[in-house]
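To start, the structure under review is shown below, and the notes come after it.
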Amino acid sequence: MSRKAANIISAQVIMKPDAVLGLATGGTPVGTYAQLVEWYRKGDIDFSEVTTVNLDEYRGLAKEHRQSYWYFMHTHLFNHVNICPERIFMPDGSNPDKIKVCKEYDRIIKNVGGIDLQLLGIGTDGHIGFNEPGGAFELGTHCVDLTESTIEANARFFDCREEVPRQAYTMGIRTIMQARKVLMIASGEKKKKIIKEAFFGAVTPAVPASILQMHPDFTLIGDAGALAEIDL
Ligand code: GLP
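Position one of the sequence shown corresponds to residue 28 (our numbering), numbered consecutively onward.
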């Protein structure tokens, strides 16, 4: 799964060296980033003209916090490739001014010309980025209250559950749907139910990822566990 996803990302960068990549965090993309770093070291991929915009960031965490998505992206990818720091963008989690942060992030995405390829994981409740069930499909970047199930799922990265921030800034579904290509990766049996529901069930805000059925260029790459309930 990781290698196939990395192949698609590197093909995008080869075809368009100044591509805008929308990137994701979570456990699922770690192997994809490791593969990209390996190919970069071999000289097979060049990030010097690439721009990145990340999906989301916890509200209330400084960049240097070890659980911030800023820290995650630098640890897993940015510190190891020749990406230009001025072309790395993420919502500013350290700024509590929701309106300002969200407006600024939408402006940044517009200014870079939109997203060529958006990488996504999926939450067990069907969330993408931090767009939780029940949110509106038409939103741009906004601040969300994380659901109990997302707090629970993300607690494994923190010392204790109480440390998980309760809010996050996230690109909205509208922003994600405007990406020219969307690539989702899903791994493990814990995702099999939601993968079936999202892509073989109704398109509904109750399952945010289900809207991707309407995207004109959407690819899902899953491992055997995540695809276990799909009749291929
Ligand atoms: C977080 C992130 C999502 C990610 C999800 C699933 O909620 N905001 O972008 O898709 O976790 O994470 P994992 O890949 O660890 O299952």
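In this text, a Cβ means the ideal position worked out from N, Cα and C, and glycines have one as well.
For residue 130, the secondary structure class from DSSP, reduced to helix, strand or coil, is helix. With contacts defined by Cβ atoms closer than 9 angstroms, residue 155 and residue 239 form a contacting pair. Within the model, the alpha-carbon separation for residue 76 versus residue 114 is close to 8 angstroms. Secondary structure of residue 46 (DSSP, three-state): coil. Under DSSP, residue 171 shares a beta bridge with 195.
Contact between residue 253 and residue 153 does not hold, since their C-beta atoms are separated by about 13 angstroms, which reaches or exceeds 8 angstroms.
The beta carbon of residue 160 lies closer than 8 angstroms to those of 152, 153, 154, 174, 232, 233, 234, 235 in the same chain, with the five residues before and after it left out. Following the DSSP letters along the chain, one finds residue 99 inside the alpha helix (DSSP H) bounded by residues 96-103. For residue 225, no beta strand (DSSP E) encloses it; the enclosing alpha helix (DSSP H) starts and ends at 219-227.
For residue 158, the three-state secondary structure derived from DSSP is strand.
Below 8 angstroms, enough C-beta pairs join the stretch 135-150 and the stretch 200-217 to call them touching: three or more. When the beta-carbon positions are compared, residue 80 and residue 116 come within less than 9 angstroms of each other. Beta-bridge analysis with DSSP links residue 213 to 249.
For residue 79, the pairing in a beta bridge is given by DSSP as 48, 115. Judged by the Cβ position, residue 56 qualifies as a neighbour of ligand 1 at the 8 angstroms threshold, a heavy atom of the ligand being closer than this.
The C-alpha of residue 142 is placed about 7 angstroms away from the C-alpha of residue 136.
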